[in-house]
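154 is the number of the first residue of the sequence shown in the working numbering; add one for each residue after it.
Okay, so here's the structure we're looking at.
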Amino acid sequence: MIMDDKEIYSLFAETVALQQILTNVFYELKLLDPRYADAIARGFDNATRQAEDLAIKAGKASQPEHLVKAIDIIENLRAASLGNHDKPRHGV
154 MIMDDKEIYS LFAETVALQQ ILTNVFYELK LLDPRYADAI ARGFDNATRQ
204 AEDLAIKAGK ASQPEHLVKA IDIIENLRAA SLGNHDKPRH GV
């Protein structure tokens, strides 16, 4: 399936919108009750672990830079949601 520029820009806009919504909802939940920060952090840990597992399962069938980028995006969303003081707990 070949996508044209309009479809690519639309997907990009949708991705940015969803990232902004998620980070702001998580941030507001953290402010509402700091106990939510631990649950949100665990969610990011799980997402990172799942991305790492996909990388292992995909092996050579997947391009490593895509999976590294996915983990980088997860960590950027973590920082935006929880702040830079919350270090990743997965060791990547």
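C-beta: ideal position from N, C-alpha, C; glycine also.
Nearest-angstrom Cα separation, counted from K183 out to N177: The straight-line gap from Cα to Cα measures roughly 10 Å.
Unbroken stretches of the beta strand (DSSP E), 3 residues or longer, contained in the stretch 161 to 245: Whole beta strand (DSSP E) segments, 3+ residues: zero.
8 Å Cβ cutoff met for I227 and F197: Yes, they are a contact pair.
Beta-carbon contacts of L235 that lie in its chain and below 8 Å, excluding the five residues immediately before and after: For L235, where only same-chain residues beyond five positions count, the Cβ hits under 8 Å are F179, Y180, K183, A190, I193, A194 and F197.
Cβ neighbours of A200 in the same chain (closer than 6 Å, five flanking residues each side left out): When the five nearest sequence neighbours on each side are left out, the beta carbons in the same chain lying within less than 6 Å of the beta carbon of A200 are those of I227, in order along the chain.
As assigned by DSSP and simplified to three states, the class of D158: Correct three-state label for D158: helix.
Distance, F165 Cα to Q172 Cα: Inter-residue distance for Q172 and F165 is about 11 Å (C-alpha atoms, whole angstroms).
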